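Notes for the one structure printed next.
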Amino acid sequence: MLLATFKLCAGSSYRHVRSMKGLRQQAVLAIGQELNRRALGGPAPAAWIYQVRRRGSLLGSQLEDSLYSDQELAYIQQGEEAMQRALGILKDQEGWKKESRQVNGDEVLSKVIPDVGKVFRLEVVVDQPMERLYEELVERMEAMGEWNPSVKEIKVLQKIGKDTIITHELAAEAAGNLVGPRDFVSVRCTKRRGSMCVLAGTATLYEEMPQQKGVIRAEHGPTCMVLRPLAGSPSRTKLTWLLSIDLKGWLPKTIINQVLSQTQVDFANHLRKRLESCPALEARC
Numbered sequence: 001m002l003l004a005t006f007k008l009c010a011g012s013s014y015r016h017v018r019s020m021k022g023l024r025q026q027a028v029l030a031i032g033q034e035l036n037r038r039a040l041g042g043p044a045p046a047a048w049i050y051q052v053r054r055r056g057s058l059l060g061s062q063l064e065d066s067l068y069s070d071q072e073l074a075y076i077q078q079g080e081e082a083m084q085r086a087l088g089i090l091k092d093q094e095g096w097k098k099e100s101r102q103v104n105g106d107e108v109l110s111k112v113i114p115d116v117g118k119v120f121r122l123e124v125v126v127d128q129p130m131e132r133l134y135e136e137l138v139e140r141m142e143a144m145g146e147w148n149p150s151v152k153e154i155k156v157l158q159k160i161g162k163d164t165i166i167t168h169e170l171a172a173e174a175a176g177n178l179v180g181p182r183d184f185v186s187v188r189c190t191k192r193r194g195s196m197c198v199l200a201g202t203a204t205l206y207e208e209m210p211q212q213k214g215v216i217r218a219e220h221g222p223t224c225m226v227l228r229p230l231a232g233s234p235s236r237t238k239l240t241w242l243l244s245i246d247l248k249g250w251l252p253k254t255i256i257n258q259v260l261s262q263t264q265v266d267f268a269n270h271l272r273k274r275l276e277s278c279p280a281l282e283a284r285c
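Just so we're aligned: the sequence shown equals residues 1 to 285 in UniProt numbering.
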């Protein structure tokens with residue numbers, strides 16, 4: 001009965017199966033083969049169930065991909081590649097130059113990366129648990145303009161699955177208006193790895209958000225924030241922010257470096273104030 005049912009279903013969808021590619025088609029055909037072997041006295045049930053489950057898991061992963069358009073899959077891949085590139089930059093401890101160090105221990109370092117340019121690295125410790133930072137930086141990202149003067153507005157343009165989003169960010173003028181208004185369209189990827197959380201992103205193209213009149217479209221390079229509980233003090237969080245930006249337009253490098261370095265220092269201070277004034281997401285600040 002089971003074999004007949006499968007053959008009937010396979011017959012009704014033969015044209016669809018025939019149009020499948022790669023693992024999807026192989027997995028569907030493999031299920032049919034296993035059912036035929038069972039009817040003809042093939043391996044014991046436990047054996048063929050294991051084989052079908054194994055092939056089914058391959059089919060499942062492919063069917064999960066089929067839930068997204070080609071463009072959405074491209075965004076997912078772009079976000080994950082940006083994360084791997086950013087983490088690779090942070091992993092290399094050689095060649096970092098100290099830009100500034102604050103009284104509270106906040107430190108900004110810089111380094112020139114081939115094919116990327118100059119990147120900045122902020123190292124701070126925040127007296128809040130990691131989950132609280134995650135709430136503010138990920139779950140309430142669109143509220144960042146309320147507490148960070150460097151940001152006028154952040155909007156989530158599209159969510160793709162549970163890890164990937166497309167955002168539009170409008171930045172405020174900087175350096176006494178020497179750096180005019182900029183905006184960014186980015187793909188962002190968020191991953192939890194054990195006790196560590198990584199928020200990564202990079203510039204992307206998004207047809208629904210063309211360049212705005214009177215605003216220079218700048219670009220984030222591979223950038224990320226890494227959050228992890230401070231060793232020996234889980235109620236505190238070590239935050240590492242890798243910043244890579246091409247501001248576009250004509251600007252002296254000395255101004256660019258000063259603006260980006262100071263932006264990171266200011267961000268840490270504003271974040272602390274926000275966390276202190278709004279201790280939990282449920283407070284609805």
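We put the CB at the ideal spot given by N, CA and C, even for glycine.
Predicted model only: the values in this text are computed from it and were never measured.
- Look at L73 here: in three-state DSSP terms it is helix.
- As summarised for the region 128-164, the continuous alpha helix (DSSP H) elements at least 4 residues long and confined to that stretch are 130-134, given in chain order.
- The three-state secondary structure of G88, taken from DSSP, is helix.
- Between V125 and L230, the C-beta spacing is below 7 Å.
- Judged by DSSP secondary structure, L271 falls within the alpha helix (DSSP H) whose first and last residues are 253-277.
- CA-CA distance, Q258 to V112, rounds to 15 Å.
- In the pairwise beta carbon analysis, the region 221-241 is classified as touching the region 199-208: at least three pairs are separated by under 8 Å.
- For K97, the pairing in a beta bridge is given by DSSP as S110.
- Shown here, A203 sits in a strand according to DSSP, grouped into three states.
- With 16 or more other Cβ atoms inside 10 Å of its own Cβ, W241 counts as buried.
- Listed in chain order, the beta strand (DSSP E) runs fully inside the region 169-198 are 182-193, counting runs of at least 3 residues.
- Under DSSP, V125 shares a beta bridge with K238.
- In the DSSP assignment, P229 is bridged to T237.
- For G161, the closest of S261, Y68, L137, P114 by C-alpha to C-alpha distance is Y68.
- Residue environment for V179: buried (at least 16 other C-beta atoms within 10 angstroms of its C-beta).
- The C-alpha of M130 is placed about 14 Å away from the C-alpha of G232.
- Under a 10 Å Cβ-count criterion, L205 is classified as exposed, with fewer than 16 other Cβ atoms of the shown protein chains found around its own Cβ.
- Measuring C-alpha to C-alpha distances from Q128 to each of P234, D70, I165, E107 identifies P234 as the nearest.
- In this structure, the CA atom of T190 is about 20 Å from the CA atom of V119.
- In the structure shown, the three-state DSSP call for G117 is strand.
- Selection F184, L275, R272, Y75 evaluated against K248 yields F184 as nearest (Cα-Cα).
- Under the three-state reduction of DSSP, E219 is assigned to strand.
- In the same chain as L251, and ignoring 5 residues on each side of it, no C-beta atom comes closer than 6 Å to its own.
- For R236, same chain residues with a beta-carbon under 8 Å away, outside a window of 5 residues either side, are V125, V126, D127, Q128, P129, P229, L230 in chain order.
- Under DSSP, L67 takes part in no beta bridge, so it has no partner.
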